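My numbering puts the sequence shown at residues 4 to 170.
Idealized CB from N, CA, C, for every residue including glycine.
No experiment lies behind these values; they were computed from the predicted model shown.
Below is one structure, written out as structure tokens, with a few remarks after it.
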Amino acid sequence: MKVVIEKQNSAVQLVLFVIIGCLAMGAGYSFAVLKDQQLSLILAGAVILLAGFAAALGRFDPLLIIDESGLFDSRLGVGKILWADIEDVQIQGGYGNRFLSFRINRPEPYLARLRGDKRAKTLFQHDLGFRRFNVDMREIEVNLLDLKAQIDVLIARDRQGRNARVN
Numbered sequence: 004m005k006v007v008i009e010k011q012n013s014a015v016q017l018v019l020f021v022i023i024g025c026l027a028m029g030a031g032y033s034f035a036v037l038k039d040q041q042l043s044l045i046l047a048g049a050v051i052l053l054a055g056f057a058a059a060l061g062r063f064d065p066l067l068i069i070d071e072s073g074l075f076d077s078r079l080g081v082g083k084i085l086w087a088d089i090e091d092v093q094i095q096g097g098y099g100n101r102f103l104s105f106r107i108n109r110p111e112p113y114l115a116r117l118r119g120d121k122r123a124k125t126l127f128q129h130d131l132g133f134r135r136f137n138v139d140m141r142e143i144e145v146n147l148l149d150l151k152a153q154i155d156v157l158i159a160r161d162r163q164g165r166n167a168r169v170n
């Protein structure tokens, strides 16, 4: 099983495409009606630049990847968390928030990967006793109960595989 959830920039892309359309019409109008080649070249250049920018926004980077070996959330900043290091997962929610909360057996290697303010905030919370990594699911349209059930299966499968190798 592999679940990949990608970032979505649809609102920004829509605005960019509207601007591109307006500039393209302006370039055509300035060339056909006003007979102003310089203005039409400037507008055409702007269309090309914005089209490239819109194309760059159109490339979706993975936001969340869940596969046979672990979990990767680009927002956490700790890299891939292996199932072997996850003790349990819970669904948390309230006040418009919903997230998956992972308790990590050995959080130190993951905490060491953090940098800057994110590291300071996470270590402060860790020192206060909050030892979970939370994956924000607020804007992700997925059934959390089904996803948690799939994650529980992956964690159990990983434990069975490790136990079989030990015995």
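Whether residue 67 touches residue 138 by CB criterion (8 Å): yes
Three or more C-beta pairs below 8 Å linking the region 46-54 and the region 16-29: Contact check between the region 46-54 and the region 16-29: three or more CB pairs, one atom from each, fall below 8 Å, which counts as touching.
Residue 86 and residue 149 closer than 8 Å at C-beta: no
Exposure of residue 136, with buried meaning 16 or more beta-carbon neighbours within 10 Å: buried
Neighbourhood of residue 141 by C-beta, 8 Å cutoff - its chain only, sequence neighbours within 5 removed: 99, 100, 101, 102
Cut-off 6 Å between Cβ atoms - residues of its own chain near residue 95, not counting five sequence neighbours on either side: Cβ neighbours of residue 95 within its own chain (closer than 6 Å, five residues either side excluded): 102, 104.
Where residue 3 sits in the DSSP three-state scheme: With the chain represented from 4 up to 170, any question about residue 3 goes unanswered, as that position is not in the structure.
Every unbroken beta strand (DSSP E) inside the region 89-129 [3 residues or more]: 89-97, 100-107
CB of residue 113 within 8 Å of CB of residue 69, strictly: no
CB-CB length for residue 117 against residue 80, believed under 8 Å: 6 Å
Through-space distance from residue 57 to residue 36, alpha-carbon basis: Take the alpha-carbon of residue 36 and the one of residue 57: they are about 28 Å apart.
Whole-angstrom distance between residue 145 and residue 151, CA atom to CA atom: 10 Å
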